[in-house]
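For reference, the structure is listed below as structure tokens.
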Amino acid sequence: MEKGCILITGANGEIGHGLIRYLAHEGLYKIVALDRSPIDDYQKSVDFYKGDILDKNLIDELNRKYNFTAIFHLAAILSTGGEKEPLPAHRVNVEGSLNILNLADDQSNRTKTPVVVVFPSTIAAYGFATPEQRIAAGKIDEHRYLDPITMYGINKLYIEHLGNYYSTRYRSFEDTPNLTRLDFRCVRLPGIMSSESLPSGGTSDFGPEMIHAAAQGKPYECFVTAETRLPFIVMPDGVHSLISISRASRRSLTKPVYNVGSFSISAGEIRNEVLKYFPKAEITFKPNPKRLAIVDSWPVDVDDSAARKDWGWRPEFDREGAFKNYLIPGITRRYASQRPQQSSPPLQSTDRA
Ligand code: AKB
Numbered sequence: 001m002e003k004g005c006i007l008i009t010g011a012n013g014e015i016g017h018g019l020i021r022y023l024a025h026e027g028l029y030k031i032v033a034l035d036r037s038p039i040d041d042y043q044k045s046v047d048f049y050k051g052d053i054l055d056k057n058l059i060d061e062l063n064r065k066y067n068f069t070a071i072f073h074l075a076a077i078l079s080t081g082g083e084k085e086p087l088p089a090h091r092v093n094v095e096g097s098l099n100i101l102n103l104a105d106d107q108s109n110r111t112k113t114p115v116v117v118v119f120p121s122t123i124a125a126y127g128f129a130t131p132e133q134r135i136a137a138g139k140i141d142e143h144r145y146l147d148p149i150t151m152y153g154i155n156k157l158y159i160e161h162l163g164n165y166y167s168t169r170y171r172s173f174e175d176t177p178n179l180t181r182l183d184f185r186c187v188r189l190p191g192i193m194s195s196e197s198l199p200s201g202g203t204s205d206f207g208p209e210m211i212h213a214a215a216q217g218k219p220y221e222c223f224v225t226a227e228t229r230l231p232f233i234v235m236p237d238g239v240h241s242l243i244s245i246s247r248a249s250r251r252s253l254t255k256p257v258y259n260v261g262s263f264s265i266s267a268g269e270i271r272n273e274v275l276k277y278f279p280k281a282e283i284t285f286k287p288n289p290k291r292l293a294i295v296d297s298w299p300v301d302v303d304d305s306a307a308r309k310d311w312g313w314r315p316e317f318d319r320e321g322a323f324k325n326y327l328i329p330g331i332t333r334r335y336a337s338q339r340p341q342q343s344s345p346p347l348q349s350t351d352r353a
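Start counting the sequence shown at 1; every next residue gets the next number (the working numbering).
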């Protein structure tokens, strides 16, 4: 049995890449990675399992083989993908999460040490009735407007509650002496922009897609309006938030769920930032009503003062630094070997609703 291990589900997703790189570089833990498709920047220190979060035999095998100190449960079907296939999304987002909570519950009890379960929730857990209401609400805390309109948002909000239940009340009617419960910790992430990968199946994807298209010399047709505003964070800060909450002292955490934020920006402002660095970028707006309705139900900004106060959350990158010091240099390097393809068709998300 391996000790001192960290499990990462959805390891091949955008956050998974960043998290594996960070933890592998630190070299403090054995990393166990699970995904349906192989992780491409395969690292020697990683035990990779190709498989489904819904495969209970596989989850049992992991439970038998390893003692997990922490689990980063990233596997999910995002908002646009979830609207296209709501029932598979429910299975992955809810049943898959339940499998992980049961694994962590079993291990916590077996080893008598609480397994820390880190769950990235999302601004999709919020839901505003109208675009006017979201504008009027401004920067919102963790407790209001929790009426999500997407399968993904509903699933995430439910798992926020279920995780908290597992860590505080689950099995409370059982006559089990010395019950040790798992330690559930959750951050609500805004849209994420990475210089290294493109998201798929999300609705905040217009931000990163616009920048990646410009760096490749491809025209981009944005699926929301220029005025559409969302909170965003860049990948290193997203990873940093998950690592930080996983290591915060339990006593400092006063809430089951914390907002983390960095900057709020409209699609038109992202375009302006992109044009500073890629003046020939061709970015047009052709709103897709279904995807726009999803974004219009999300907050324009988040109040993350509780995370700042309780566990010292601070993003490294503000809006200017995110573009100047992280996104533009990284994306430029990534596509440096490719020639501009001005005649290519506009880059659009494959997950258009
Ligand atoms: C999505 O767009 O679905 C995600 C999210 C905001 O959680 N990026």
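Ideal placement from N, C-alpha and C gives every residue a C-beta, glycine not left out.
Terminal residues of the beta strand (DSSP E) in which residue i lies
i, result
"S266", "263-266"
"Y152", "Element bounds for Y152: not the beta strand (DSSP E) but the alpha helix (DSSP H), 151-168."
"V295", "Looking at the DSSP string, V295 is not in any beta strand (DSSP E); the run it does join, the alpha helix (DSSP H), is 289-295."
"H73", "66-73"
"E132", "From DSSP, E132 is part of no beta strand (DSSP E) but of the alpha helix (DSSP H) over 131-137."
"E221", "220-222"
"R188", "183-189"
"T284", "283-285"
"D35", "30-35"
"K324", "No beta strand (DSSP E) holds K324; DSSP gives it neither H nor E."
Residue i, buried or exposed, once every other Cβ within 10 Å from all chains shown has been counted against 16
i, result
"E28", "For the record, residue 28 in the displayed sequence is Leu; it is not Glu. So L28 counts as exposed."
"T9", "buried"
"E209", "buried"
"S249", "exposed"
"E14", "buried"
"L87", "exposed"
"A129", "exposed"
"R171", "exposed"
"H25", "exposed"
"T69", "buried"
"A213", "buried"
"T228", "buried"
"S45", "exposed"
"R169", "exposed"
"G153", "buried"
"Q338", "exposed"
"A125", "buried"
"P114", "buried"
"A306", "buried"
"E142", "buried"
"T150", "buried"
"R352", "Confidence in R352 is poor, its pLDDT being 31 and thus under 50, which makes the residue's placement unreliable; the coordinate value appears in the next sentence. Label assigned to R352: exposed."
heavy atom of ligand 1 below 7 angstroms from residue i C-beta
i, result
"T9", "no"
"L182", "no"
"D205", "yes"
"I123", "yes"
"I192", "yes"
"G202", "yes"
"Y158", "no"
"Y166", "no"
"Y29", "no"
"S244", "no"
"S79", "yes"
"P148", "no"
"Y126", "no"
"Y152", "yes"
"P199", "yes"
Straight-line gap, residue i to residue j (C-alpha atoms, nearest Å)
i, j, result
"K255", "Y165", "13 angstroms"
"K56", "R188", "27 angstroms"
"I123", "A293", "14 angstroms"
"H73", "P279", "40 angstroms"
"P231", "E174", "43 angstroms"
"R333", "D237", "20 angstroms"
"S79", "S204", "9 angstroms"
"F285", "C222", "5 angstroms"
"R91", "E61", "20 angstroms"
"R247", "D304", "18 angstroms"
"P289", "G81", "16 angstroms"
"V274", "S200", "21 angstroms"
"I211", "R181", "43 angstroms"
Extent of the continuous alpha helix (DSSP H) run through residue i
i, result
"T332", "328-335"
"R251", "Per DSSP, R251 belongs to no alpha helix (DSSP H) and is neither H nor E."
"P120", "It is not in any alpha helix (DSSP H) - P120 instead sits in the beta strand (DSSP E) that spans 116-122."
"Y22", "14-26"
"R91", "Counting along the chain, R91 falls outside any alpha helix (DSSP H), and DSSP gives it neither H nor E."
"F206", "206-215"
"L103", "96-111"
"T80", "79-84"
"R229", "Taken as a continuous stretch (DSSP letters only), R229 belongs to no alpha helix (DSSP H), being part of the beta strand (DSSP E) at 229-234."
"K309", "305-311"
- Message: Between the region 319-327 and the region 188-197, can you find at least three pairs of beta-carbon atoms closer than 8 angstroms?
- Response: yes
- Hey, is the region 95-110 in contact with the region 262-279, meaning 3+ C-beta pairs nearer than 8 angstroms? no
- Message: Closer than 8 angstroms is the cut-off here; do at least three beta carbon pairs connect the region 133-150 with the region 295-314?
- Response: yes
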